[in-house]
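Student: Before I ask anything, let me first share the structure, which is written out below as structure tokens.
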Amino acid sequence: DPEAVNRYLELASKLRGRKNYSAAQELYNKVLEIDGANFEARVGLGAVLLQVPDYDGAAVEFGKAIEIDESSPAGYLGMGEVYFLQKEYPKAIKQYSSCLERDDGLAQAYCNRGLSYYYQKNHKKAFLDLQKAYKLDPELPNIKKYLQMVMKVLKKKK
Numbered sequence: 059d060p061e062a063v064n065r066y067l068e069l070a071s072k073l074r075g076r077k078n079y080s081a082a083q084e085l086y087n088k089v090l091e092i093d094g095a096n097f098e099a100r101v102g103l104g105a106v107l108l109q110v111p112d113y114d115g116a117a118v119e120f121g122k123a124i125e126i127d128e129s130s131p132a133g134y135l136g137m138g139e140v141y142f143l144q145k146e147y148p149k150a151i152k153q154y155s156s157c158l159e160r161d162d163g164l165a166q167a168y169c170n171r172g173l174s175y176y177y178q179k180n181h182k183k184a185f186l187d188l189q190k191a192y193k194l195d196p197e198l199p200n201i202k203k204y205l206q207m208v209m210k211v212l213k214k215k216k
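Residue 59 is where the sequence shown starts when you use this note's numbering, and the numbers rise one by one after that.
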């Protein structure tokens, strides 16, 4: 029933926004019981599992999302988050780059890749990515703080 699937997805997304992760997880799982290849449910469930946190579970869901639609940036963005939150910065950078190859207008991907570069002490690349993120979305949470943080390090190096 496609209508039920859409209702479940809509409600799951609202619940996720309200940080009601267990209820959202239940709904995403219901959708996947009906349609195991539902991209939105895989990405949504992955995002919920990131918050829980269940990084292994999130990685499985984002991996399945990529298998379902490798042309979409969402699975790669999610997979980048999985690695970023586990401080596996080279793997995170690779995923964020794959995401940006599919959509170079995603400020969050530039921001997170920039932070990954920063934590690897590649401050020039960090600055360029964070600057790009800021140009795309000046309202991105903490983006000004991140840019100042990198500029401070770059000034010290001179």
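Quick reminder that beta carbons are idealized off the backbone N, C-alpha and C, glycines included.
Note that the structure is predicted; figures quoted are calculated from it, not measured.
At which residue ranges does the segment 93-133 contain complete alpha helix (DSSP H) runs of 4 or more residues, listed in the order of the chain?
Tutor: Given a length threshold of 4 residues, each whole run of the alpha helix (DSSP H) inside the segment 93-133 is given here in chain order: 97-109, 113-126.
Student: Tell me the rounded alpha-carbon separation between residue 69 and residue 136.
Tutor: Residue 69 and residue 136: Cα-Cα distance of roughly 20 Å.
Student: Which residues mark the beginning and the end of the alpha helix (DSSP H) in which residue 162 is found?
Tutor: Counting along the chain, residue 162 falls outside any alpha helix (DSSP H), and DSSP gives it neither H nor E.
Student: If I follow the unbroken alpha helix (DSSP H) through residue 187, where does it start and stop?
Tutor: 181-194
Student: At the level of alpha carbons, what is the spacing between residue 76 and residue 200?
Tutor: 21 Å
Student: Using only alpha-carbon positions, find the residue among 176, 66, 143 that is nearest to residue 81.
Tutor: The shortest Cα separation from residue 81 among 176, 66, 143 belongs to 66.
Student: Are the CB atoms of residue 168 and residue 150 nearer to each other than 9 Å?
Tutor: no
Student: Rounded to the nearest angstrom, how far is the Cβ of residue 126 from that of residue 100, given a contact under 8 Å?
Tutor: 6 Å
Student: Sort 123, 91, 85, 141 by Cα distance to residue 112 and report the nearest one.
Tutor: 141
Student: To the nearest angstrom, how far is it from the Cα of residue 173 to the Cα of residue 188?
Tutor: 8 Å
Student: Is DSSP giving residue 76 helix, strand or coil here?
Tutor: coil
Student: So the candidates are 91, 147, 83; which of them puts its Cα closest to the Cα of residue 106?
Tutor: 83
Student: Helix, strand or coil: how does DSSP classify residue 173 here?
Tutor: The three-state secondary structure of residue 173, taken from DSSP, is helix.
Student: Out of 94, 147, 131, 89, which has the shortest C-alpha to C-alpha gap to residue 164?
Tutor: 131
Student: Taking 9 Å as the cut-off, decide whether the C-beta atoms of residue 124 and residue 138 are in contact.
Tutor: no
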